[in-house]
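Q:
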Amino acid sequence: MKFLKDIIGTAWFKISSLNSFAILLRIGFGLVISKVLAIYVGPAGMALVGNLRNFQTSLDSFATLGFQNGIIKYTAQLKDDREEFKKLISTVAITISLFILLLGIGLFIFRESIAFYLFSSENEYEIVIKAIIFSLPFYGFSLFFTSLINGLEKYKKGVYISMIGNVIGFIFSFFLVLNFNVLGALLAMVLAPTTNFFIAAFFVVKEIKLFQSIRLKFFDKSILRNLNSYSAMALFSAITGPFVYIFLRNHLIDSVGIEEAGYWESMSRISSYYMLFVSSLMSMYFLPQLAVSNEEETKLIFRNYFKTIVPVFFIGILLIYFSRNLIITILFTNEFQPVSNLFFWQLLGDFFKVCSWILALHFLAKKQTFAYFVSEILSYSMLIVLGYFAINHFAAEGAVLAYAVTYLFYLCMLLLNFRKYLIEWKNHYLLYVFSFPF
0 MKFLKDIIGT
10 AWFKISSLNS
20 FAILLRIGFG
30 LVISKVLAIY
40 VGPAGMALVG
50 NLRNFQTSLD
60 SFATLGFQNG
70 IIKYTAQLKD
80 DREEFKKLIS
90 TVAITISLFI
100 LLLGIGLFIF
110 RESIAFYLFS
120 SENEYEIVIK
130 AIIFSLPFYG
140 FSLFFTSLIN
150 GLEKYKKGVY
160 ISMIGNVIGF
170 IFSFFLVLNF
180 NVLGALLAMV
190 LAPTTNFFIA
200 AFFVVKEIKL
210 FQSIRLKFFD
220 KSILRNLNSY
230 SAMALFSAIT
240 GPFVYIFLRN
250 HLIDSVGIEE
260 AGYWESMSRI
270 SSYYMLFVSS
280 LMSMYFLPQL
290 AVSNEEETKL
300 IFRNYFKTIV
310 PVFFIGILLI
320 YFSRNLIITI
330 LFTNEFQPVS
340 NLFFWQLLGD
350 FFKVCSWILA
360 LHFLAKKQTF
370 AYFVSEILSY
380 SMLIVLGYFA
390 INHFAAEGAV
400 LAYAVTYLFY
410 LCMLLLNFRK
420 YLIEWKNHYL
430 LYVFSFPF
């Protein structure tokens, strides 16, 4: 079949195949942890885990000042220029170290307020915020090292980092949840990822002379200026996105109840598992490709993405939708059956999101900061307004409904913006899709 040959022959498929075992391993461990969480913490505990997960997403970007995508781009461009590459490594390492110190001080000062905002409790979960402060350097530099690996296009090493980290993280998380219930689940989310630092460092020092490259004399302000656009874009999303979701989840808790928020978080966890297949390809393959592509190459990247990734993802979410009750039974408990009502809108929203991802990634790869900010501000504004009113009328289902409508709007914006890249082959692609034998 031509469809299968087209997919199997692509570079992303070979990389995805290499990465598939690591992703399946991570998903498998995640499924087990989800079951343990369902049994030991229930929907209420799941809602608190969701708030921490969103907050931690912000910290991941803050710990590296949002440099990850910029590191990947400039590593891909400068890896053969020894002196410039040293400047990149030194500038990023020194800047991240200073910022992590300031961020840690800020978190410590406001630890009680943060704990209350996330968990509606100052004292019971303050230890979680202290654990976050302890983990910050490990977060920051593990992400820095992983970005270097991706920029160097050392795909196997990136897979090994993911696999080993998932195994250690699973064991650690399983132990903490079994022994400390909700508190254990929260601490596991914070502490388990720190092990990636040691794994990533081990592989990075085999590729580059890391410690010889980090010198104050190599610090270059011009590199920092080049990274600022990436930082601004990433930090905006890091602040806005997670806190929009925390706001909506807290609104759901206040207006309907913490159990409804737990159902939404459970649906989000399921979504995060299958979205890994696409998100890993975004940073590992498509971002480095777009970073060095010209206009014609960009058109080809877009075309291949929509001809291969999107149809495969669509088939996958159809299978997930028709298996939703079985998935809930396997992952959770009978208490979580209302999650079944959330699948349709979540899957639809995820489909629109995957369609838009490659287009949005172009903003990052080419440092189109203004366009990025406009699209993000409009989409997040729409999500928070729609989500607020939809939750009032439809509870947790309103949250996923708002998500789907927002990403449809976001996709339409991006298609309009990138029409010059797509117009030459859109009719061919539509013919290709509608002739596919479903």
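Under numbering that gives the first Met the number 0, the first residue of the sequence shown is numbered 0, with each subsequent residue one higher. For every residue, glycine included, the Cβ atom is placed at its ideal position computed from N, Cα and C.
Restricting to Cα atoms, I'd like to know which of Ser89, Ile300, Ala364 and Cys411 is closest to serine 374.
A: Numbered from its first residue, the sequence shown carries residue 374 at position 375. Checked all of Ser89, Ile300, Ala364 and Cys411; the closest Cα to serine 374 is Cys411.
Q: Below 8 Å, can you find three or more Cβ-Cβ pairs linking the segment 69 to 81 to the segment 143 to 152?
A: yes
Q: Buried or exposed: which applies to isoleucine 376, given that a residue is buried once 16 or more other Cβ atoms fall within 10 Å of its Cβ?
A: Here residue 376 refers to the residue found at position 377 of the sequence shown. Label assigned to isoleucine 376: exposed.
Q: Can you give, in chain order, each stretch of the alpha helix (DSSP H) that sits fully within the segment 226 to 274 and has at least 4 residues?
A: none
Q: Does the segment 24 to 38 come into contact with the segment 217 to 236, if we say contact requires no fewer than three beta-carbon pairs (one atom in each stretch) closer than 8 Å?
A: Contact between the segment 24 to 38 and the segment 217 to 236 is absent, because fewer than three Cβ pairs lie under 8 Å.
Q: Under a Cβ-count criterion, where at least 16 other Cβ atoms within 10 Å of its own Cβ denotes burial, should glutamate 264 be classed as buried or exposed?
A: For the purposes of this step, residue 264 is taken as the residue at position 265 of the sequence shown. Glutamate 264 comes out buried.
Q: So the alpha helix (DSSP H) lysine 366 belongs to, where does it begin and stop?
A: The residue you call residue 366 lines up with position 367 of the sequence shown. Run containing lysine 366: none; DSSP gives neither H nor E here.
Q: From Asn227, Phe179, Gly315 and Glu206, pick the residue whose C-alpha is nearest to that of aspartate 349; which is it?
A: As a position in the sequence shown, residue 349 is number 350, starting the count at 1. Ranking the options by Cα distance to aspartate 349, first place goes to Gly315.
Q: State yes or no: is the C-beta of leucine 347 within less than 8 Å of the C-beta of valine 243?
A: In the sequence shown, counting from the first residue as 1, residue 347 sits at position 348. In the sequence shown, counting from the first residue as 1, residue 243 sits at position 244. In this structure, valine 243 does not lie closer than 8 Å to leucine 347 by Cβ.
Q: Among the residues of its own chain, which have a CB less than 7 Å from the CB of isoleucine 357, if the five just before and after it don't count?
A: As a working note, residue 357 is residue 358 in the sequence shown. Answer for isoleucine 357: Phe285, Phe301 and Tyr304, listed in chain order.
Q: List, from N- to C-terminal side, the alpha helix (DSSP H) runs of 4 residues or more that fit wholly inside the segment 80 to 118.
A: 81 to 108 and 110 to 118
Q: From which residue to which residue does the alpha helix (DSSP H) around glycine 41 run?
A: Locating residue 41 in the sequence shown gives position 42, where the first residue counts as 1. It spans 41 to 61 - the alpha helix (DSSP H) in which glycine 41 sits, taken as one unbroken run.
Q: Give me, in chain order, the residues of the same chain whose beta-carbon lies closer than 6 Å to that of valine 399; leave out the 5 immediate sequence neighbours on both sides.
A: To locate residue 399, count along the sequence shown from 1; it is residue 400. The residues are Leu341, Trp344 and Gln345.
Q: I'd like the span of the alpha helix (DSSP H) that includes serine 141, first residue to last.
A: Within the sequence shown, residue 141 is the residue found at index 142, counting from 1. Counting along the chain, the alpha helix (DSSP H) containing serine 141 begins and ends at 125 to 150.
Q: Among Ala92, Val48, Asn225 and Ser60, which residue has its Cα nearest to the Cα of phenylalanine 235?
A: Stepping through the sequence shown from its first residue, residue 235 is reached at position 236. Of the listed residues, the one whose Cα sits closest to phenylalanine 235 is Ser60.
Q: Please return the same chain residues whose Cβ sits closer than 7 Å to the Cβ of serine 282, not counting the five positions on each side in sequence.
A: Taking the sequence shown and counting its residues from 1, the one referred to as residue 282 is at position 283. Ile71 and Asn149, listed in sequence order.
Q: When the Cβ atoms of the segment 273 to 282 are set against those of the segment 223 to 235, are three or more pairs found closer than 8 Å?
A: Segment contact: the segment 273 to 282 against the segment 223 to 235, fewer than three CB-CB distances shorter than 8 Å; contact not assigned.
Q: Using CA atoms only, rank isn't needed, just tell me which of Glu334, Ser339 and Phe313 is closest to lysine 325.
A: Here residue 325 refers to the residue found at position 326 of the sequence shown. Checking the sequence, you will find leucine at residue 325 rather than lysine. Looking at the Cα atoms, Ser339 is the closest of the given residues.
Q: From phenylalanine 202 to leucine 101, what does the alpha carbon distance come to, in whole angstroms?
A: Residue 202 sits at position 203 when you count from the first residue of the sequence shown. Residue 101 sits at position 102 when you count from the first residue of the sequence shown. For phenylalanine 202 and leucine 101, the gap between their C-alpha atoms comes out near 28 Å.
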